[in-house]
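To convert, count from 1 in the sequence shown and add 5; that's the working numbering.
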Amino acid sequence: MHALGTHLLVELRDCKPGCISNVKQVTDAMVGAAKAANATIVDVSFHEFNPFGISGMVIIAESHLSIHTWPEYNYAAVDIFTCGDVINPGDAARYLIERFESSNPSIVEIKRGLISTKDVKLPHKVYEHDYECVT
6 MHALGTHLLV
16 ELRDCKPGCI
26 SNVKQVTDAM
36 VGAAKAANAT
46 IVDVSFHEFN
56 PFGISGMVII
66 AESHLSIHTW
76 PEYNYAAVDI
86 FTCGDVINPG
96 DAARYLIERF
106 ESSNPSIVEI
116 KRGLISTKDV
126 KLPHKVYEHD
136 YECVT
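Here it is, written out as structure tokens:
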């Protein structure tokens, strides 16, 4: 079985107060995490809630990084989903753990798109001429 992608569920508990409450700092950290993993950034979108909390996403050519913060609990939930084996999502996770100074992080890894291919590795990208949709 081969997987189309790797999905990391990153729990960032006990973050340093203030590290996850400023939208510019959170945006910069998430973009930095994508760069730390050598991902190709396509788009960035973040929103700051009132009175607190931030949600945002960094779209990468290899999939995405997303975050939801609860500054009142010093907690952030991060998803890092990558396709292929060109980048290492663990590098992005480690970057965020350090950047948000989480003293109690955890990471769960899930393989997504498990497909039996008879020991043939799946390509990261399938080109249009390789795929025909029959309607």
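From the three backbone atoms N, C-alpha and C, an ideal C-beta is built for every residue, glycine too.
Owing to the predicted nature of the structure, the values given are computational and were not obtained by experimental measurement.
Inset, instruction - Kindly list the residues whose CB is nearer than 7 Å to the CB of I64, restricted to its own chain and excluding five residues on each side of it in sequence; keep chain order. - result: These residues qualify, in order along the chain: V47, D48.
Inset, instruction - Determine which residues share a DSSP beta bridge with L14 and list them. - result: The secondary-structure analysis by DSSP pairs L14 across a beta bridge with D84, V113.
Inset, instruction - Would you check if the distance between the CB atom of A38 and the CB atom of N93 is smaller than 8 Å? - result: No. Outside cutoff.
Inset, instruction - Kindly indicate the opening and closing residues of the alpha helix (DSSP H) around I102. - result: Residues 94-104.
Legend entry - Inter-residue spacing [alpha-carbon to alpha-carbon] between D96 and V31: The C-alpha of D96 lies about 17 Å from the C-alpha of V31.
Inset, instruction - Can you grab the Cα-Cα spacing for the pair C20 / N109, in whole Å? - result: C20 and N109 have their alpha carbons spaced roughly 8 Å apart.
Legend entry - Where E91 falls, given that 16 or more other Cβ within 10 Å makes a residue buried: The sequence as given places Val at residue 91; Glu does not occur at that position. By the neighbour-count rule (16 or more Cβ atoms within 10 Å), V91 is not buried but exposed.
Inset, instruction - Please confirm whether S71 and G58 have their CB atoms less than 8 Å apart. - result: Taking a C-beta distance under 8 Å as the contact criterion, S71 and G58 do not qualify as a contact pair.
Legend entry - Limits of the unbroken alpha helix (DSSP H) element including V49: Looking at the DSSP string, V49 is not in any alpha helix (DSSP H); the run it does join, the beta strand (DSSP E), is 46-53.
Legend entry - Assigned exposure category for N79 - 16 Cβ within 10 Å defines buried: Residue environment analysis places N79 among the buried positions, since at least 16 neighbouring C-beta atoms fall within 10 angstroms of its C-beta.
Legend entry - Close-in-space but distant-in-sequence residues of the same chain around R18 (CB under 6 Å, 5 per side omitted): Once the five neighbours on either side are set aside, the close Cβ partners of R18 are Y80, N109.
Inset, instruction - Out of G89, E103, P56, I120, point me to the one whose CA is closest to E77's CA. - result: If we check each option's Cα against that of E77, P56 comes out closest.
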